[in-house]
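Undergrad: Below is a structure I'd like to ask you about.
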Amino acid sequence: PVHDLRSQLKAHNDYVLGLVDTIPPKWYFDQDTVQKLTEELHGRVDAKVNSSKKFHKLAVHGKSKLARLDPSTFKTVSQILNDQALTQTPKNRNKRRQRKKSKPTLYSAALDRASNLDELKERLTEKIEALKGNRKVPGISRQEKKAKELEKSKAAKKRKRNKASKGNLDAAAADANGEQEAGAPEKKVPKTIPVYNKEGKMVFSKFDLAETDVSTHERKPAAKMAKQPKRLLKKLDVEAEKLKKLEEKNPEQAKEVKQKKLWLKAIDKAEGIKVKDNPELLKKTMKRKDKQKKQSRKKWKARTETVEKRQKDRQEKRQKNIKDRKKSKLQGKLKKLKKRGRVIPGF
């Protein structure tokens, strides 16, 4: 019976060992053991490379290939455990025997690691987070992303302007309330005398900004104006002429006008508005548009001529078909009448 029990236990042990051997060693052992086994493998490969002149000049890729082709590299869990048991010193064995009367068949470093559940949970969470970070988020294209960023920046600028204007209004209201509470006498605001320019229009600023000589009913919004290089060029010429006259009369005022124009230009560029104030580029644009118009006229003329010719040909063909049909009908009637003897031949 004892012999049967031993053989039965051995069979169970072999079966469990076979199951354990299906687990890869890198998942069975803890990180320290895996690292130690990897270092031993590297040491064996390096020793093999150094001992042979044939493999002396192998690169890293060649070494890894050599390790893959070496049968001793691939060991099961039970083989690694047996190797560890053989390398263990007798002193450690005696201590272990004293500690445990019956030695277990399988010793797994993974069981020691599993005892610390918090550490395992933490490692699993870190791995999940790393995988989430590496995962690519589908959907948003580069253009949509750029459009969203531009929209956000515009909204932020608008909020900033509104906040600043609101702050100024609140400060003004607070000052007014403070003056009323203090009972300070109201200051009389001096009436401003309206200033008119040469054309009889009221000027609201210190200097009269250059205006085009285009009538008010012909003026269009800036978006439409930007598509009319001829008008823009005319406007620039008028402004340049007025600025030149202003420089002759009052250089300081002309300098202020130039500075203000530069500020307006910078603001427009910051808001993403195209500033078209280069006469050379405007002239080139005019030439290009004129060329496009000429080409389109030429194409339209050729198209109309083709359509008219096609219509004429179809009309002529129709008339010819009608004429042939009438003639064939008449010939058929005459043949029938000749058979009946009602038509005299020759007439």
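Per the UniProt record's numbering, the sequence shown starts with residue 1, numbered consecutively.
Every residue gets a Cβ at the ideal spot worked out from N, C-alpha and C, and that includes glycine.
Since this is a predicted model, take the numbers as computed values, not measurements.
#1: Tell me whether the beta-carbon of residue 286 lies closer than 7 Å to the beta-carbon of residue 230.
#2: Using 8 Å as the cut-off, can you tell me whether the stretch 274–293 makes contact with the stretch 232–246, which would need three or more C-beta pairs spanning the two stretches below that distance?
#3: Buried or exposed: residue 28, going by 16 or more other Cβ atoms within 10 Å of its Cβ?
#4: Starting from residue 23, trace the alpha helix (DSSP H) in both directions and tell me its first and last residue.
#5: Do you know how far the Cα of residue 151 is from the Cα of residue 157?
#6: What are the boundary residues of the alpha helix (DSSP H) that includes residue 77?
#7: What's the gap between the Cα of residue 300 and the Cα of residue 307?
#8: For residue 235, is the classification buried or exposed, using 16 other Cβ atoms within 10 angstroms of its Cβ as the cut-off for buried?
#9: Return the first residue and the last residue of the alpha helix (DSSP H) that residue 267 is part of.
#10: Grouping DSSP H, G and I as helix and E and B as strand, with all else coil, what is residue 133?
#11: Look at the Cβ atom of residue 87, then the Cβ atom of residue 21, and state whether they are nearer than 7 Å.
#12: Compute the Euclidean distance between the alpha carbons of residue 131 and residue 14, then round it to the nearest angstrom.
#13: Find out if the Cβ-Cβ distance for the pair residue 246, residue 254 is shorter than 7 Å.
#14: If you drop the 5 nearest sequence neighbours on each side, which residues of the same chain put their C-beta closer than 8 Å to that of residue 271?
#15: Can you tell me where the alpha helix (DSSP H) holding residue 322 begins and where it ends?
#16: Quick check: residue 80 and residue 25, are their CB atoms within less than 7 Å of each other?
#17: Give the secondary structure of residue 45 by DSSP, where H, G and I count as helix, E and B as strand, and everything else as coil.
#18: State the CB to CB distance for the pair residue 275 and residue 269, rounded to an integer number of angstroms; the pair is presumed to be in contact (CB under 8 Å).
#19: Would you identify the three-state DSSP class for residue 30, choosing helix, strand or coil?
#20: Does DSSP put residue 228 in a helix, a strand or coil?
TA: Well, looking at it:
#1: Position 286 of the sequence shown holds residue 286. Position 230 of the sequence shown holds residue 230. Yes; because the gap between Cβ atoms is below 7 Å, this pair is in contact.
#2: yes
#3: Walking along the sequence shown from the start, residue 28 turns up at place 28. Flag for residue 28 reads buried.
#4: Looking up residue 23 in the sequence shown gives position 23. Neither: residue 23 is in no alpha helix (DSSP H) and is coded neither H nor E.
#5: One-based indexing of the sequence shown puts residue 157 at position 157. One-based indexing of the sequence shown puts residue 151 at position 151. Each residue's Cα considered, the two are about 10 Å apart.
#6: Position 77 of the sequence shown holds residue 77. It spans 77–87 - the alpha helix (DSSP H) in which residue 77 sits, taken as one unbroken run.
#7: As a first step, residue 300 must be located in the sequence shown, where it is residue number 300. As a first step, residue 307 must be located in the sequence shown, where it is residue number 307. One C-alpha to the other measures close to 10 Å.
#8: If you number the sequence shown from 1, residue 235 lands on position 235. Buried.
#9: Against the sequence shown, residue 267 aligns to sequence position 267. Here the alpha helix (DSSP H) through residue 267 covers 251–270.
#10: The residue labelled residue 133 in the question sits at position 133 within the sequence shown. Helix.
#11: Here residue 87 refers to the residue found at position 87 of the sequence shown. Here residue 21 refers to the residue found at position 21 of the sequence shown. Not a contact, by the Cβ cut-off of 7 Å.
#12: As a first step, residue 131 must be located in the sequence shown, where it is residue number 131. As a first step, residue 14 must be located in the sequence shown, where it is residue number 14. Going from the Cα of residue 131 to the Cα of residue 14 covers about 38 Å.
#13: Counted from its first residue, the sequence shown places residue 246 at position 246. Counted from its first residue, the sequence shown places residue 254 at position 254. Contact: yes.
#14: Against the sequence shown, residue 271 aligns to sequence position 271. Once the five neighbours on either side are set aside, the close Cβ partners of residue 271 are 154, 157.
#15: Residue 322 sits at position 322 when you count from the first residue of the sequence shown. Here the alpha helix (DSSP H) through residue 322 covers 279–340.
#16: Residue 80 sits at position 80 when you count from the first residue of the sequence shown. Residue 25 sits at position 25 when you count from the first residue of the sequence shown. Yes, the pair counts as a contact, with Cβ atoms nearer than the cut-off.
#17: Taking the sequence shown and counting its residues from 1, one reaches residue 45 at position 45. Helix at residue 45.
#18: Position 275 of the sequence shown, counting from 1, holds the residue named residue 275. Position 269 of the sequence shown, counting from 1, holds the residue named residue 269. Between residue 269 and residue 275 the Cβ distance is about 6 Å, and since that is below 8 Å, they are a contact.
#19: Reading the sequence shown from its first residue, position 30 is the one you call residue 30. If DSSP states are grouped into helix, strand and coil, residue 30 belongs with coil.
#20: Residue 228 sits at position 228 when you count from the first residue of the sequence shown. Note: residue 228 maps to coil in three-state DSSP.
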